[in-house]
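Chemist: Handing you a structure now.
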Amino acid sequence: MDTQDIIKKVRTIEIKTRKLSANIFAGQYHSAFKGRGMAFSEVREYQFGDDVRDIDWNVTARFHRPYIKVFEEERELTVMLLIDVSGSLDFGTHRQMKSEMVAEIAATLAFSAIQNNDKIGVVFFSDKIEKYIPPKKGRKHILYIIRELLDFHAESRRTDLNEPLEFLSNVMKRRCTVFMLSDFYTRTDFLSPLTICSRKHDVVAVQVYDKCAAELPDVGLMKVVDAETGHEQYIDTSSRKIRQAHRDYWIKRQTALQDVFNKNNVDSISIATDEDYVKSLLILFKQRS
1 MDTQDIIKKV
11 RTIEIKTRKL
21 SANIFAGQYH
31 SAFKGRGMAF
41 SEVREYQFGD
51 DVRDIDWNVT
61 ARFHRPYIKV
71 FEEERELTVM
81 LLIDVSGSLD
91 FGTHRQMKSE
101 MVAEIAATLA
111 FSAIQNNDKI
121 GVVFFSDKIE
131 KYIPPKKGRK
141 HILYIIRELL
151 DFHAESRRTD
161 LNEPLEFLSN
171 VMKRRCTVFM
181 LSDFYTRTDF
191 LSPLTICSRK
201 HDVVAVQVYD
211 KCAAELPDVG
221 LMKVVDAETG
231 HEQYIDTSSR
241 KIRQAHRDYW
251 IKRQTALQDV
261 FNKNNVDSIS
271 IATDEDYVKS
281 LLILFKQRS
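Residue numbers (the UniProt record's numbering): 1 to 289.
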């Protein structure tokens, strides 16, 4: 993709996603994510009915009577996008590639954050941290992120979800809202780093997948290639037994993935490449409101 193509596509995505975030997501985004971060405001004397967990023991000891910490809603949030740029995202049999849908969803979330006066940052990851863009505000920053989304080339093809979660836990000291955009194809267990990250931050998982991953089409002998390892093999998709085994594997995998999210109170959605991601995001936002 040359410079002119990138500029043209950046402009197209900006027009589409900015309109969506302004007309549809503005109120939903605010109610879904504002208030999740609380900042210390002051201390005052304990009153009947106050939560004892908010007692400031240092101040209490100094004045010999109980005082509590008072918190208020943070006026702005920091939003971090953890974006999978591994080889498996370069696939799509219905309407668009997974990577293209991820880019549009990320851009829509970024514009929604900016319109709510929030900072937005990005971590591109494969089986390592490919690039870190620190959170900032402003249209110029958003357009830089979109350009990177469209033209970023990862050094590695493989996926390791532990890397971005551990990186985020280390680099972000204050609580933030985290959107993890991936197809969640990984050969490593990421439960432990997700547990640590979700205790500190508000984590949301956005899975983008292709319908063929859920159900093989009956098209006879098919050559398939693992986009991350390069492994090739032939599959006889005319076999009902093989198609059923593929479907069963997908259901088992999705159930296990959802179990990981549920254990950590991580809100999640799954969006196919031929679906309307706007509807899915609105459902997610309404569930959190």
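Glycine is no exception: its CB is placed at the ideal position from the N, C-alpha and C atoms.
Predicted model only: the values in this text are computed from it and were never measured.
1. Spatial neighbours of V79 within its chain, please: C-beta separation below 6 Å, excluding the five flanking residues on both sides.
2. To the nearest angstrom, how far is it from the Cα of T93 to the Cα of V70?
3. Give every residue of the same chain whose Cβ lies closer than 6 Å to the Cβ of L81, excluding the five residues on either side of it in the sequence, and list them in chain order.
4. Just the Cα atoms here: how many angstroms apart are R288 and V102?
5. Quick check: V266 and L191, are their CB atoms within less than 7 Å of each other?
6. Looking only at C-alpha atoms, which of A213, R139, V224 and N264 sits nearest to Q244?
7. Within a Cβ cutoff of 6 Å, which residues of the same chain sit near L161, ignoring the five residues on either side of it in sequence?
8. Could you give the distance in angstroms between the alpha-carbon of S268 and the alpha-carbon of I235?
9. When we look at the beta-carbon of F285 and count the other beta-carbons within 10 Å, is it buried (16 or more) or exposed?
10. Alpha carbon to alpha carbon, how far is I145 from S21? Give it in angstroms, no decimals.
11. Bridge partners of D267, per DSSP?
12. Between the Cα of L272 and the Cα atoms of N262, S182, F152 and K140, which residue gives the shortest distance?
13. Out of I68, V43 and Q47, which one is the CA nearest neighbour of D54?
14. For the stretch 157-171 against the stretch 125-144, are there 3 or more C-beta pairs whose distance is under 8 Å?
15. Can you check whether the CB of S270 is closer than 7 Å to the CB of Q207?
16. List the whole-angstrom C-beta distance separating R18 from F111, where the pair is believed to meet the contact cut-off of C-beta under 8 Å.
17. Let me check understanding here. Comparing Cα to Cα, which of K200, L194 and G230 lies closest to L257?
18. Of the choices V10, F63, V171 and F184, whose alpha-carbon is the least far from that of E228?
19. Can you give me the Cβ contacts of Y46 inside the same chain, cut-off strictly under 7 Å, excluding the 5 residues immediately before and after it?
20. With DSSP collapsed to three states, give me the class of A154.
21. Tell whether a beta-carbon distance below 7 Å holds between residue 345 and R247.
22. M101 lies in the alpha helix (DSSP H); which residues open and close that run?
23. At the level of alpha carbons, what is the spacing between Y249 and E166?
24. Would you check if the distance between the CB atom of I83 and the CB atom of F33 is smaller than 7 Å?
25. If you draw a straight line from the C-alpha of I142 to the C-alpha of K98, how long is it?
26. Let me know the secondary structure DSSP gives D118 once reduced to three states.
27. Compute the distance between the beta-carbons of G220 and S198, then report whether it is under 7 Å.
28. Whose C-alpha, out of Q233, N116, L150 and P135, is nearest the C-alpha of E104?
29. Near N264, what residues of its chain come up, given a Cβ to Cβ distance below 6 Å and the 5 sequence neighbours on each side ignored?
Modeler: Per the coordinate set shown:
1. For the purposes of this step, residue 79 is taken as residue 79 along the sequence shown, with counting starting at 1. Closer than 6 Å at the Cβ level, and outside the excluded window around V79, lie A113, D118, I120 and T177.
2. Position 93 of the sequence shown, counted from the first residue, corresponds to residue 93. Position 70 of the sequence shown, counted from the first residue, corresponds to residue 70. Whole-angstrom Cα-Cα distance: 53 Å.
3. The residue given as residue 81 occupies position 81 in the sequence shown. A106, V122 and F179.
4. As a working mapping, residue 288 is identified with position 288 in the sequence shown. As a working mapping, residue 102 is identified with position 102 in the sequence shown. Cα to Cα, the separation comes out at about 21 Å.
5. Here residue 266 refers to the residue found at position 266 of the sequence shown. Here residue 191 refers to the residue found at position 191 of the sequence shown. Taking 7 Å as the Cβ cut-off, V266 and L191 do not qualify as a contacting pair.
6. For the purposes of this step, residue 244 is taken as residue 244 along the sequence shown, with counting starting at 1. Nearest option by C-alpha distance: A213.
7. Position 161 of the sequence shown, counted from the start, is the residue given in the question as residue 161. Here the set comprises T186 and F190.
8. Position 268 of the sequence shown, counting from 1, holds the residue named residue 268. Position 235 of the sequence shown, counting from 1, holds the residue named residue 235. Taking the straight line from one Cα to the other gives about 31 Å.
9. Counted from its first residue, the sequence shown places residue 285 at position 285. Buried is the call here.
10. Counting from 1 along the sequence shown, the entry for residue 21 is found at position 21. Counting from 1 along the sequence shown, the entry for residue 145 is found at position 145. Those two C-alpha atoms are separated by around 16 Å.
11. Within the sequence shown, residue 267 is the residue found at index 267, counting from 1. In DSSP, D267 forms a bridge with V204.
12. What you label residue 272 is simply residue 272 of the sequence shown in a count that begins at 1. One point to set straight first is that residue 272 is Ala, not Leu, in the sequence displayed. Among N262, S182, F152 and K140, the Cα nearest to that of A272 is on S182.
13. The residue you call residue 54 lines up with position 54 of the sequence shown. Nearest option by C-alpha distance: I68.
14. Flag = yes, the stretch 157-171 and the stretch 125-144 touch.
15. Indexing the sequence shown from 1 puts residue 207 at position 207. Indexing the sequence shown from 1 puts residue 270 at position 270. Their beta carbons are under 7 Å apart, which means Q207 touches S270 by this criterion.
16. Sequence index remark: in the sequence shown, residue 18 carries index 18 (1-based). Sequence index remark: in the sequence shown, residue 111 carries index 111 (1-based). About 5 Å; that satisfies the 8 Å criterion.
17. The residue labelled residue 257 in the question sits at position 257 within the sequence shown. If we check each option's Cα against that of L257, L194 comes out closest.
18. Position 228 of the sequence shown, counting from 1, holds the residue named residue 228. Measuring from the Cα of E228, the nearest candidate turns out to be F184.
19. Numbered from 1 along the sequence shown, position 46 holds the residue referred to as residue 46. Taken in chain order, the residues that qualify are I55, P66, Y67 and I68.
20. As a first step, residue 154 is located in the sequence shown; it is residue number 154 there, counting from the start. If DSSP states are grouped into helix, strand and coil, A154 belongs with coil.
21. The structure shown does not extend to residue 345, since the chain spans only 1 to 289, so no value can be given for it.
22. Position 101 of the sequence shown holds residue 101. From DSSP, the alpha helix (DSSP H) with M101 extends over K98 to Q115.
23. Taking the first residue of the sequence shown as 1, we reach residue 249 at position 249. Taking the first residue of the sequence shown as 1, we reach residue 166 at position 166. The straight-line gap from Cα to Cα measures roughly 28 Å.
24. Start at 1 with the first residue of the sequence shown, and residue 83 comes out as number 83. Start at 1 with the first residue of the sequence shown, and residue 33 comes out as number 33. Result no, Cβ atoms of I83 and F33 do not sit closer than 7 Å.
25. To locate residue 142, count along the sequence shown from 1; it is residue 142. To locate residue 98, count along the sequence shown from 1; it is residue 98. When rounded, the distance between both Cα atoms is 21 Å.
26. Working through the sequence shown from its first residue, we reach residue 118 at position 118. Of the three classes helix, strand and coil, the one that applies to D118 here is coil, per DSSP.
27. Taking the sequence shown and counting its residues from 1, one reaches residue 220 at position 220. Taking the sequence shown and counting its residues from 1, one reaches residue 198 at position 198. Taking 7 Å as the Cβ cut-off, G220 and S198 do not qualify as a contacting pair.
28. On the sequence shown, position 104 is the one that residue 104 refers to. Closest by alpha carbon: L150.
29. Position 264 of the sequence shown, counting from 1, holds the residue named residue 264. Taken in chain order, the residues that qualify are L194, T195 and S198.
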